[in-house]
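Presented below is the structure to which this report refers.
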Amino acid sequence: MTATLVTDEWEVLVTRGRRFVSSESSAQFSLGDIALEMVPVPPNGKRPPMKAFKLLANYADEVGLEAERFEEYRRVAAAWPKAKRAKKVCWTVHQLFAHRSDRFELILNPPVYRRTGQRIWTCELASRELGRKPRVTTETGRAKVRQAADLMEEDDEVAVEIVERAMTKQSVVDKVADKPHVRERFNRAQSARISRAREETKKQPEVRKLDENREVLMVLGLCSAFSHGIGKTLPGLHLAELSDDAKDSIREGLMRVTAAVEWTEHVLQTGSTDMDAGLERLLSEG
Numbered sequence: 176m177t178a179t180l181v182t183d184e185w186e187v188l189v190t191r192g193r194r195f196v197s198s199e200s201s202a203q204f205s206l207g208d209i210a211l212e213m214v215p216v217p218p219n220g221k222r223p224p225m226k227a228f229k230l231l232a233n234y235a236d237e238v239g240l241e242a243e244r245f246e247e248y249r250r251v252a253a254a255w256p257k258a259k260r261a262k263k264v265c266w267t268v269h270q271l272f273a274h275r276s277d278r279f280e281l282i283l284n285p286p287v288y289r290r291t292g293q294r295i296w297t298c299e300l301a302s303r304e305l306g307r308k309p310r311v312t313t314e315t316g317r318a319k320v321r322q323a324a325d326l327m328e329e330d331d332e333v334a335v336e337i338v339e340r341a342m343t344k345q346s347v348v349d350k351v352a353d354k355p356h357v358r359e360r361f362n363r364a365q366s367a368r369i370s371r372a373r374e375e376t377k378k379q380p381e382v383r384k385l386d387e388n389r390e391v392l393m394v395l396g397l398c399s400a401f402s403h404g405i406g407k408t409l410p411g412l413h414l415a416e417l418s419d420d421a422k423d424s425i426r427e428g429l430m431r432v433t434a435a436v437e438w439t440e441h442v443l444q445t446g447s448t449d450m451d452a453g454l455e456r457l458l459s460e461g
């Protein structure tokens, strides 16, 4: 069919295709703008808190997007304010140029597309501008990618080995590190790994013993401070000569101490550190 298309037919199909691509790009930018509304870009290059990425991931899941893709929409939308976006240039080209400091001028000066002689940005021309090889476009190349993806999907061990081998090439490492959604996913995995390691470490007998000793010393220190202070101070006071109001004030303090002792005994027996509102209010008054 393609070999018999006349010029007019080809132009009609190209026009239709560009219209669909434009609609898709508009949707991608719109989703990116939504992500920016939810999690604005922090000042001074700071990273949003982890809970912000959790919020984005939850939203992406509810609307049927991959979290990494939604975060990428946000990154590109942040790099391209609405007034700076080129309407006739696809979203992918905006994505490729998002890290360029001269992107606003660059996108307005496209090169000549050799097939038509027009000045337009295509994904291939944008990749060449960045000094990269064009993305895989041949059917053979796509077949290889699909084959690798199928192997990785079927066997996690194979997937791990493929990734490990790919990451031995510094050029691959550099390109992967340039992708914010990949970095964020790796950082999350590292954080989760560290958290699991900490929990496992806490379960080790020697560590549990150290934690136990530390907690015992903390409580004994509080008890010692009170008993030592009372023992040292009380003999020099004239409590019996105080007014009734003054004695009542001391008794209120002793009530708080008694309540704290009884609560501590309760925690020792049950392990529960919950307290009712009355006890919390009584202890907070000290």
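Position in the sequence shown (from 1) plus 175 gives the number in my numbering. Here a beta-carbon is modelled for each residue, glycine too, at the ideal position from N, C-alpha and C.
For serine 200 and valine 167, the rounded distance between their alpha carbons
Because the chain is modelled from 176 through 461, residue 167 falls outside the range shown and cannot be assessed.
Can you tell me where the alpha helix (DSSP H) holding methionine 430 begins and where it ends?
419–445
Using CA coordinates, which residue listed in Glu332, Arg358 and Pro286 is at the minimum distance from glutamate 304?
Pro286
Alpha carbon to alpha carbon, what distance is there between glutamine 345 and asparagine 233?
34 Å
Using three-state DSSP, classify arginine 371 as helix, strand or coil.
helix
Do you know how far the Cα of leucine 385 is from the Cα of aspartate 325?
49 Å
Neighbourhood of arginine 294 by C-beta, 6 Å cutoff - its chain only, sequence neighbours within 5 removed
Pro285 and Val287
Considering only their Cβ atoms, is the gap separating phenylalanine 279 from lysine 465 smaller than 9 Å?
With the chain represented from 176 up to 461, any question about residue 465 goes unanswered, as that position is not in the structure.
Start-to-end residues for the alpha helix (DSSP H) that takes in alanine 227:
225–238
Please go through the same chain and pick out, in chain order, the residues whose beta-carbon is closer than 8 Å to the beta-carbon of alanine 334, but skip the five residues on each side of it.
Leu326, Met327 and Glu328
According to the neighbour-count rule (16 or more other Cβ atoms, all chains shown, within 10 Å of its Cβ), is glutamine 203 buried or exposed?
buried
Relative to the alpha-carbon of valine 357, which residue among Ser198, Arg244 and Val189 has its alpha-carbon at the smallest distance?
Arg244
Span separating the alpha-carbon of valine 394 from that of leucine 412
27 Å
Going by the CB atoms, is the gap between isoleucine 282 and alanine 254 shorter than 9 Å?
no
Quick check on DSSP: helix, strand or coil for arginine 358?
helix
Please name the residue in Glu186, Ser198, Glu437 and Asp236 whose C-alpha comes closest to that of alanine 210.
Asp236
Whole angstroms are fine: how far does the CA of serine 205 sit from the CA of threonine 182?
34 Å
To the nearest angstrom, how far is the alpha carbon of serine 424 from that of methionine 430?
10 Å
In angstroms with no decimal places, state the Cα-to-Cα distance between leucine 350 and isoleucine 369.
This sequence places lysine at residue 350; leucine is not what is there. In a straight line, the C-alpha of lysine 350 is about 25 Å away from that of isoleucine 369.
How many Å lie between tryptophan 266 and proline 224 at the Cα?
27 Å
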